Amino acid sequence: MTPTVPRHIAVVMDGNGRWANRRFMPRFVGHKHGVDALVRTVQACADRGVEYLTVFAFSSENWKRPEEEVSGLMGLVLVAVSRYLQKLASEGVRIRIVGDRAAVSDKVRAAWDEAEAATRHNTRITLSVAFNYGGRWDIVQACRRAIAAGTPAAELSEERLAEFMSLAHAPDPDLFIRTGGEVRISNFLLWQVAYAELFFTDCLWPDFDGAELDRALAAYSARDRRFGSVKPAPVPAPDVHGVTSSS
Ligand code: FPP
1 MTPTVPRHIA VVMDGNGRWA NRRFMPRFVG HKHGVDALVR TVQACADRGV
51 EYLTVFAFSS ENWKRPEEEV SGLMGLVLVA VSRYLQKLAS EGVRIRIVGD
101 RAAVSDKVRA AWDEAEAATR HNTRITLSVA FNYGGRWDIV QACRRAIAAG
151 TPAAELSEER LAEFMSLAHA PDPDLFIRTG GEVRISNFLL WQVAYAELFF
201 TDCLWPDFDG AELDRALAAY SARDRRFGSV KPAPVPAPDV HGVTSSS
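Under this note's numbering, the letters of the sequence shown match residues 1 to 247, in that order.
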């Protein structure tokens, strides 16, 4: 069977803290290696023809983490943008940020604006970074914007609401990957993953690489996607006399 490459992959990059703990290092070191894994994964996805990659970098609930870890993650945005933006831009990556920007600092907002502006004409792969993002927040903000745009209640269809979701620039994810061994969606892209194939792996995010991506792609290729429909029944093969075995 020809392997099918998903157009859009969504990833919950879990396991950075445990990766660091196992090495007796602070959790922040795991997040730093997580950035390297992310850059590696963008390249691996682009090489395999994936058009959209969306990653969960900071959830609306991550503010509950110790202040030191939260500020470390915010600082990491600045480090990641200054270290990798040129490289990603030159490799044809278009960067989009999705999430509630109101609560992040001016510096972080400026870094995200810079990343989007520097890559907006790129077309090889779109990397959407979900930052201060929650799936429920996304649905609520889409409803608010649809109403503010004057949509009458009777015209608020799935298609109309989708225009206001924060991933309106991408098709729905085909494949949802979560690393780190937990088997849940954790309020990521609730609207968009309606028909995504789910792949969970014990691999901790900093260890994620092309080989692990290929395992997810192989599992995806073997799935039977029906989108709520049914497959036509197979036609019986003709026997040697040209009549089918069921006739
Ligand atoms: C979950 O691992 C990971 C996060 C909350 C942060 C993910 C961030 C990155 C991979 C870095 C990318 C960042 C930028 C700035 C683009 P965890 O900390 O919950 O790990 P654990 O489950 O082992 O504790």
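For glycine and all other residues, C-beta sits at the position ideal for the given N, C-alpha and C. Predicted, not measured: the structure shown is a model, and the values here were computed from it.
Residue range of the alpha helix (DSSP H) that residue i falls in?
i	result
I185	Run containing I185: none; DSSP gives neither H nor E here.
S90	67-90
V148	It is worth fixing the name first, because residue 148 is Ala in this sequence and not Val. Looking at the DSSP string, the run of the alpha helix (DSSP H) that includes A148 is 135-148.
A216	210-221
L161	158-162
Taking Cβ to Cβ, would you say residue i is nearer than 8 Å to residue j?
i	j	result
V93	V55	no
T119	A89	yes
D174	P6	yes
F188	Y220	no
V39	Y84	yes
G210	A44	yes
V35	L76	yes
H8	W19	no
T126	R96	yes
S60	W137	yes
A115	V81	yes
Y52	S166	no
Relative to the alpha-carbon of residue i, which residue among the options has its alpha-carbon at the smallest distance?
i	options	result
V11	L213, R83, A117	L213
A194	E182, D209, F176, D207	F176
G17	G181, A218, A115, A117	G181
Q192	V183, R184, A170	A170
G228	E197, G72, L78	E197
A142	V98, H121, V183, R109	V98
L78	K87, E69, R109, R65	R109
How far does the beta strand (DSSP E) with residue i in it extend, from its first residue to its last?
i	result
F24	Where F24 is concerned, there is no enclosing beta strand (DSSP E), given that its DSSP letter is neither H nor E.
A110	Where A110 is concerned, there is no enclosing beta strand (DSSP E), although the alpha helix (DSSP H) it sits in stretches over 106-119.
R178	175-178
L53	52-59
L198	197-200
Give the C-beta separation of residue i and residue j to the nearest angstrom, bearing in mind that I take them to be a contact with Cβ-Cβ under 8 Å.
i	j	result
T179	G15	5 Å
E91	A46	7 Å
R48	L190	Wrong, their Cβ atoms sit about 26 Å apart, outside the cutoff.
Strictly under 8 Å for the Cβ-Cβ distance: is residue i near chain D by that measure?
i	result
E163	Included in the structure is just one protein chain, with no chain D present.
- Pairing CB atoms from the stretch 130-137 with CB atoms from the stretch 194-210, are three or more of them under 8 Å? no
- Query: On the three-pair Cβ rule with 8 Å, is the stretch 149-157 touching the stretch 104-116?
  - Reply: No, they do not touch.
- Item | the stretch 139-151 contacting the stretch 26-39, beta-carbon criterion three pairs below 8 Å | no
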